[in-house]
Structures are given as structure tokens and as C-alpha cells.
Ligand code: NAD
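Residue numbers (the numbering used here): 2 to 504.
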């Protein structure tokens with residue numbers, strides 16, 4: 002892998018099309034910034050419509066090329082496994098690249114890079130287990146069966162928060178099925194996706210199977226989502242962008258899988274060990290500086306425990322260490338973008354304006370060493386209610402609002418009073434109550450006495466404006482393959498061409 006943290010400094014990254022680094026038609030390159038210093042790090046190529054067209058055509062050709070199309074599923078699985086092994090070999094380098102690109106903690110990125118190869122291994126094993134079925138039709142001497150086939154070129158648009166993790170969830174199964182891919186990484190974290198495309202070639206995956214078109218959403222993303230050569234889209238990002246992409250895709254009647262934003266309820270009942278619940282809530286909202294789609298940003302606490310819970314939460318929050326993402330003792334690093342910092346500031350201010358109170362945080366850290374970066378203190382807001390703007394909009398930052406509730410009926414009303422439905426968490430010793438909540442809450446994932454415990458073996462996804470479609474488990478193999486019905490008449494009988502055969 003030629004792309005490394007050191008080689009990236011001051012470099013220019015090209016597009017990756019048909020197995021090669023390729024200059025963009027426009028000749029335009031855009032800087033990518035280091036969030037700890039707000040200084041430019043490298044430049045990535047800005048792909049336009051022509052580059053996107055070349056990439057899609059390359060993926061279409063690779064889809065039909067015998068080197069991919071005429072490969073057995075078992076052999077394809079071996080290549081997917083090999084790619085996972087190469088990610089494992091380069092895990093440290095990839096983790097450092099992502100850490101420097103998006104400011105997330107090095108230890109978290111390392112943990113993700115250790116999990117990613119296992120995910121490739123898991124989907125590699127599924128490559129030759131995707132099978133169709135036979136249908137017992139009401140006709141003699143007839144074989145009616147469904148084939149499971151790859152669908153073609155899959156367009157993937159991913160965010161900056163965990164690029165390779167987000168990509169792997171659909172890239173690994175898509176490869177295992179036999180699809181080909183055009184990825185548009187985020188303009189805020191491009192490098193690791195290009196590094197992965199290089200590794201794919203090293204793994205023996207044919208040129209054109211994975212293509213990378215870097216650039217912004219308005220130009221590159223828009224061109225990709227309008228291209229008639231794409232068979233399906235996977236989008237991970239904000240709900241607002243998801244609406245635009247689904248609109249573009251609809252013009253070509255192309256289906257999408259949408260993994261969008263969230264405003265997840267995190268619930269604490271009085272019967273639980275408060276310290277354990279506090280740790281759960283802190284990790285649910287402050288991990289990755291709140292820049293996770295499943296962030297538990299609306300915390301509902303049973304009224305009888307509200308006061309002592311808030312006290313413990315504030316005390317624990319004040320001990321969260323904000324610092325450089327590479328330092329071992331850092332709990333949360335900077336926000337990835339300057340715009341993100343502004344957004345967090347403005348939502349906290351809006352909460353105060355609407356009458357809420359800041360119980361912890363609510364400002365940038367005072368430490369002079371952090372002054373240049375886009376850091377923000379973990380923030381707890383009380384005296385809030387669920388209809389305040391900061392409780393309804395996704396902030397994607399380290400801000401949690403705490404609201405008391407009286408009983409289960411009120412809790413369900415509050416928890417579901419949001420346009421989102423991605424995840425939910427509940428802390429209680431009462432399993433009956435936990436299950437009632439799990440059944441009634443609008444969320445694609447429900448965690449009981451835990452939070453952010455994700456697994457690629459289970460189907461994950463959103464409800465309501467958090468999206469549709471599922472990734473993970475065998476479900477994703479169905480989502481990125483298609484059924485074809487085949488009928489064979491083996492009677493050998495000569496049919497009257499105008500007799501309608503009902504049996
Ligand atoms: P974003 O929507 O701004 O951008 C995501 C991607 O879409 C980027 O690659 C961007 O360039 C592209 N894009 C932007 N406008 C586009 C357009 N008009 N056409 C095509 N592509 C376009 O999101 P972000 O700020 O990068 O990421 C944060 C968001 O992602 C949050 O809302 C978060 O909840 C969500 N997210 C969801 C999941 C999930 O699994 N549900 C996971 C991670 C992040």
C-alpha cells in the first residue's frame with residue numbers, strides 16, 4: 002500500500018479508476034484538513050461528470066468481464082478474505098490515516114481496523130452460501146426455480162465519521178455476491194478509501210471492480226446518483242442528503258439503501274445501578290465526540306431518579322478528557338470539521354435561548370494546546386423538553402439533553418416524538434418493561450443495559466427518516482442480489498401454441 006500518513010503530507014491524490022490512479026478531467030484538486038490544527042494535509046481530486054461516467058463504465062465492464070463474471074463464488078469468497086487479511090496487515094497505517102483525517106481517536110480507529118478484517122472474513126464465507134430456491138408449481142414436468150444473482154454496479158456514497166467501517170458493511174457483501182462498485186468517499190476523509198482500493202488490486206480483485214471517485218457532494222455525488230448505469234445505491238449520511246439522492250435515483254427507477262441520521266432516545270429507570278447507566282449514557286453520546294449516527298442524544302430519566310442521575314452524569318462528564326486523538330489518555334478528540342463546531346455551538350445557544358440550562362460543558366476547552374483545533378467540551382443540558390430545537394435536530398456533536406418522565410406511557414410518547422428511528426437504549430432491571438419498550442419504540446436497533454454494541458452479524462438500519470434497507474447478517478446479501486425466476490418444461494410434449502396452460 003503506497004498511501005501512508007507520511008506520504009500523504011502535501012501530496013495530491015488522484016481518482017482510482019479501472020485499477021489505476023487517474024487524474025481528474027478538470028485538473029482540480031481540493032485540500033483536506035487536519036482537524037487538530039485546522040491546517041491542510043493533502044489534496045484530493047475533484048471528479049466531475051466525465052470522471053464519474055468513466056468510473057461507472059469501468060465498473061460495468063468489470064461486471065461483465067470473465068475475470069470477475071466467470072469466477073466461482075468460492076473463488077470470489079477467497080479474494081474477499083484476502084482483502085480482509087491485507088486490511089489486517091495494514092491496520093495501524095489505515096487507523097492513523099483515518100485518525101488524522103477525521104480527528105477520531107486513534108484507539109477507536111485501531112479497534113475498527115481490527116474488526117473490519119473479521120467482517121470481510123464473515124462475508125467471504127457467505128459468497129458460496131447465497132442460494133436460490135425451487136418452487137413447487139401446479140404443473141407436471143416443470144422445474145420452476147429462482148436464481149440469486151449479482152445486481153450490477155453499486156454506487157456507494159459514504160460519510161467521514163468512520164469511512165472504512167461504513168464502507169465495509171456493504172462493500173464486503175457486494176464483492177462476495179459479484180457486484181462491482183463505484184465509491185464516492187466524503188470530501189472530508191478521502192485517503193483511506195483510496196488506500197483500500199489499492200489493497201483490493203493487491204488482493205487480486207480485478208481492475209474496475211472497485212473504483213473511487215473523490216469530490217464533493219454537489220458535483221461528484223450528484224453525478225454518481227444521476228448516472229443511468231448504476232443498479233443500486235448505498236448512501237450513509239445525513240437525512241437531508243438522503244432525500245436528494247433518493248430523488249435523483251428515482252428518476253432512473255434505481256433502488257437505494259439509506260443509512261441516515263438519528264436522534265436516539267436513551268432511557269434510564271430508577272431501578273438501575275446509576276453509575277452503570279451513567280457510563281452507558283456517557284459512552285452513548287460522547288464517544289467519538291458525539292459524531293456517531295446512533296448517538297444517544299435525548300436522555301429520558303425516570304422522574305424519581307432524575308436529580309441523582311443528573312448529579313452523577315455531570316460529575317462523570319467533567320472527568321471526560323478532551324485531547325489530541327493520538328494520545329492514549331484522550332476520551333474525546335476534536336470535531337471533524339469547522340462547520341461542525343459552529344453547528345454544535347449554535348444548537349447549544351438555541352437550547353439556552355429556549356430556556357434550557359447548561360449543567361456541564363457548553364464551550365470550547367480552555368486548554369491552550371487545543372486552541373487551534375475544532376474541540377468542544379462534552380455538554381449536558383437540563384431543564385429541557387423534547388420539543389426544543391436541539392432535542393429534535395441531529396447535532397452530531399457531544400451534546401445530550403436530559404428530560405424526566407413519569408411513567409412508561411409518557412416515555413414511549415417522548416421517545417417516539419422524533420422524525421428519526423435509528424437506535425434506542427434502555428437501562429432497567431425489569432425485563433418485562435425493557436421488552437415493552439423494545440416493542441413499542443420506533444428504532445432499527447434497541448439496546449437493553451448496553452449501548453453502541455453493534456455487530457455486522459445482525460441486520461442494522463433505520464426506521465422513519467433514519468432510512469430504509471438493512472446491512473449486516475445474511476439480510477444484506479439478499480439486499481444486494483436479485484432474484485431471477487427460471488422455468489423449464491422437460492415434458493418433451495409438443496404444445497398447441499394457442500392453448501393457455503393453467504396447469
Ligand atoms: P452528509 O450527508 O453531509 O454527506 C455524506 C456523503 O454524501 C458525503 O460523501 C457527501 O459528499 C455526499 N453528498 C453530499 N451532498 C450530496 C448530494 N447532493 N448528492 C450526492 N452526494 C452528496 O453527511 P456527513 O456530514 O458526511 O455525515 C454525517 C451524517 O451521516 C450524520 O447525519 C450521521 O447520522 C449520518 N450517518 C449515518 C449512519 C448510519 O448508519 N445510519 C452512519 C454514519 C453516519
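Positions of the beta carbon are idealized from the N, C-alpha and C atoms, including for glycine.
Does the Cβ of residue i lie closer than 7 Å to at least one heavy atom of the ligand NAD?
i, result
"residue 217", "yes"
"residue 448", "no"
"residue 242", "yes"
"residue 392", "no"
"residue 194", "no"
"residue 286", "no"
"residue 162", "yes"
"residue 237", "yes"
"residue 397", "yes"
"residue 167", "yes"
"residue 459", "no"
"residue 186", "yes"
"residue 245", "yes"
"residue 226", "yes"
"residue 223", "yes"
"residue 423", "yes"
"residue 463", "yes"
"residue 468", "yes"
"residue 257", "no"
"residue 342", "no"
"residue 159", "yes"
Roughly how many whole angstroms lie between the Cα atoms of residue i and residue j?
i, j, result
"residue 90", "residue 79", "16 Å"
"residue 189", "residue 255", "27 Å"
"residue 231", "residue 59", "12 Å"
"residue 31", "residue 48", "10 Å"
"residue 195", "residue 249", "26 Å"
"residue 270", "residue 115", "35 Å"
"residue 322", "residue 457", "30 Å"
"residue 83", "residue 42", "30 Å"
"residue 327", "residue 278", "28 Å"
"residue 416", "residue 167", "26 Å"
"residue 140", "residue 492", "10 Å"
"residue 243", "residue 330", "36 Å"
"residue 470", "residue 261", "11 Å"
"residue 176", "residue 443", "32 Å"
"residue 81", "residue 440", "37 Å"
"residue 505", "residue 424", "Outside the displayed span of the chain (2 to 504) sits residue 505, for which this structure offers no information."
"residue 304", "residue 382", "16 Å"
"residue 64", "residue 445", "32 Å"
"residue 13", "residue 40", "15 Å"
"residue 259", "residue 149", "22 Å"
"residue 20", "residue 208", "4 Å"
"residue 253", "residue 223", "13 Å"
"residue 433", "residue 449", "11 Å"
"residue 539", "residue 479", "In this structure the chain extends from 2 to 504, so residue 539 is not present and cannot be described."
"residue 46", "residue 191", "10 Å"
"residue 488", "residue 394", "51 Å"
"residue 201", "residue 18", "12 Å"
Using a threshold of 8 Å, state whether the C-beta atoms of residue i and residue j are closer than that.
i, j, result
"residue 345", "residue 396", "yes"
"residue 317", "residue 402", "no"
"residue 286", "residue 118", "no"
"residue 517", "residue 160", "Here the chain comprises residues numbered 2 to 504, so residue 517 is not present and cannot be evaluated."
"residue 428", "residue 273", "yes"
"residue 145", "residue 36", "no"
"residue 180", "residue 485", "no"
"residue 246", "residue 257", "yes"
"residue 225", "residue 264", "no"
"residue 203", "residue 87", "yes"
"residue 193", "residue 99", "yes"
"residue 472", "residue 153", "no"
"residue 172", "residue 182", "yes"
"residue 38", "residue 162", "no"
"residue 451", "residue 291", "no"
"residue 447", "residue 214", "no"
"residue 107", "residue 92", "no"
Of all the CB atoms in chain C, is at least one closer than 8 Å to the CB of residue i?
i, result
"residue 76", "In the structure shown, chain C cannot be found, because there is only a single protein chain."
Would you please state the rounded distance, in angstroms, between the beta carbons of residue i and residue j? I believe it to be under 8 Å.
i, j, result
"residue 122", "residue 156", "With 8 Å as the limit, residue 122 and residue 156 do not qualify as a contact, their Cβ atoms being about 25 Å apart."
"residue 211", "residue 482", "Wrong, their Cβ atoms sit about 18 Å apart, outside the cutoff."
"residue 463", "residue 422", "6 Å"
"residue 111", "residue 6", "Contact doesn't hold; Cβ gap of about 13 Å is too wide."
"residue 438", "residue 268", "7 Å"
message: I'd like to know if the segment 380-393 and the segment 338-357 are in contact, where contact means that at least 3 CB-CB pairs between them fall below 8 Å.
response: yes
- prompt: Given 8 Å as the limit, is there contact between the segment 362-374 and the segment 319-337, that is, 3 or more CB pairs closer than that?
  reply: yes
- request: Tell me, please, whether the segment 363-371 touches the segment 408-419 by the rule of three or more beta-carbon pairs shorter than 8 Å.
  value: no
query: Counting pairs of beta carbons, one from the segment 61-75 and one from the segment 23-30, are three or more of them closer than 8 Å?
result: Counting Cβ pairs under 8 Å, fewer than three are found: no touch.
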